[in-house]
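Engineer: Its first residue numbered 9, the sequence shown is counted upward by one per residue in the numbering used here. Cβ coordinates follow ideal geometry from the N, Cα and C atoms, glycine included. Only a predicted model underlies this, so the values are computations on that prediction, with no experimental measurement involved. Take this structure first; my questions come after.
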Amino acid sequence: MSNLTKTILRWGGIVAVSLCYFITLIASTFAYSAFSERESVQFYGPIPLKEYKASIDSLMQATDGVFSVALFGFAICVPLILIIFKTVR
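Spelled out as structure tokens, the structure:
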């Protein structure tokens, strides 16, 4: 293969892996945005403790999902990028 073909394959693979990672991150933030849209209307005046705790639990689950996607996605994407660099020489 020519150097131009290798360069295109290498950077095309890296861009594809990166796009998949960022799309997955964006999809995981939808849970957080749905929470903030749904719960922001309810935070006026006094709220019962049960609803407050449910809101905080929902917020924690949404942020935990984003953090786990970011952590595991990074742990998967870095080796994939390194494999792409190693195999396409």
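1) What is the DSSP secondary structure of Arg-97, counted as helix, strand or coil?
2) What's the C-alpha gap between Val-23 and Ile-16?
3) Helix, strand or coil: how does DSSP classify Ile-55 here?
4) Please say whether Val-77 and Arg-18 have beta carbons closer to each other than 8 Å?
5) How should Ala-70 be labelled, buried or exposed, when 16 other C-beta atoms within 10 angstroms of its C-beta is the threshold for buried?
6) Quick check: what's the CA-CA separation for Phe-75 versus Gly-21?
7) Could you tell me how far apart the beta carbons of Ala-89 and Val-25 are, in whole angstroms, since I believe they sit closer than 8 Å?
8) Who are the Cβ neighbours of Phe-93 in its own chain at under 7 Å, not counting the five residues just before and after it?
Structural biologist: Looking at the atomic coordinates:
1) coil
2) 10 Å
3) Three-state DSSP puts Ile-55 in coil, outside helix and strand.
4) Contact flag unset, no.
5) buried
6) Each residue's alpha carbon lies about 25 Å from the other.
7) Residue identity check: residue 89 is Ile in the sequence provided, not Ala. Ile-89 to Val-25, Cβ: 6 Å. Contact.
8) Arg-18
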